[in-house]
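Structure record follows, encoded as C-alpha cells.
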Ligand SMILES: [Zn+2]
Ligand SMILES: [Zn+2]
Ligand SMILES: [Zn+2]
Ligand SMILES: [Zn+2]
Ligand SMILES: [Zn+2]
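Okay, structure coming up:
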C-alpha cells in the first residue's frame, strides 16, 4: 500500500489529513476503535483515522470469505446493531459489510496480516480456533492468532479485551489491586512463570506460559492498526514485564 504524507478524506472534507506516527493510543474517528502507530490526523480538529481506515478501498475481498464482496460504509448499514465477525466488538463507525451474507469487518480487522512474526515464531490468523484460547479458555467465535506448533491460541477479541483492561488500569492510576489481579490472571504476560508452576494447576499454567509477551505485543499492535508500531511504553511495559 502506498503511503501518502497528506491526503483528503471524504469523512473530513474541511481539511487535509497528515500522516503521523504515535506510540500513544488514539481513538479512530472512522471506525471508533483504538489505534496506535501510523495514523492520518487533522491537527486543527484533532481528528484521527487509522491508516487502514483512511486508505480503505470502497470494495474489498477477504481470503476467509472468498465469495463475499465487502463494501465500505462510513456508518453501519441497516437499523440492527452489528458486530465485527473478526473481533466481536460492536460496529459503530467505518465497516466493511457483505450484503449477501451480512458479514461485518472493521477496516483494521479486515487488514489483519495473515502471518505475524514476533521475532521468535510465526503466528497465523485463523477463522476458527481448533484449541482453546489462552485467555478465555474457550473456542468461541471470532478470529484468532495461533502459533505454528498450534500450542497456543489467542482470540483477537481477547487481545482487545486485554488492551482495554491494561489501559483501564492505567487510567485508574495503576490501581494496585486491579493490576495484581490482571497479572495473576495472565501470568505469562509478566514472566512470573516459576511462581505459577509451583502453585499447582500445572497443565493449564504450562500451556498458558507459552504465550510469549512478544507474541501478545505484536498481535496487539496489529489489532491497533499497525503491526510495526511499538506499543506505548506504559502499555508495552505492562504487557512485557
Ligand atoms: Zn479506524
Ligand atoms: Zn480538520
Ligand atoms: Zn458475503
Ligand atoms: Zn473488528
Ligand atoms: Zn479467547
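Numbering (full-length UniProt numbering), first residue to last: 1 to 241. Note that beta-carbon positions come from the ideal geometry of N, C-alpha and C, so glycine has one too.
Presumed contact (8 Å Cβ cut-off) between residue 219 and residue 145, rounded CB distance: 5 Å
Proximity to residue 112 [Cα-Cα], best of 148, 130 and 125: 125
Strand pairing of residue 35, partner residues [DSSP]: 26
Supposed close pair residue 93, residue 68 - CB separation, criterion 8 Å: 20 Å between Cβ atoms; not a contact.
Supposed close pair residue 18, residue 33 - CB separation, criterion 8 Å: Their Cβ separation, rounded to whole angstroms, is 21 Å, which puts residue 18 and residue 33 out of contact at 8 Å.
Alpha helix (DSSP H) segment containing residue 51, residue limits: 51-54
Short Cβ contact (9 Å threshold) for residue 127 with residue 223: no
Residue 144 beta carbon near ligand 5 (any heavy atom closer than 8 Å): yes
Per-residue DSSP class, three states only, for residue 88: coil
Buried or exposed (CB count within 10 angstroms, at least 16 for buried), residue 226: buried
Whole-number beta carbon distance between residue 156 and residue 142, since they are thought to touch under 8 Å: 6 Å
Cutoff 6 Å; reference residue 108; Cβ partners in own chain excluding five residues on either side: 50, 52 and 225
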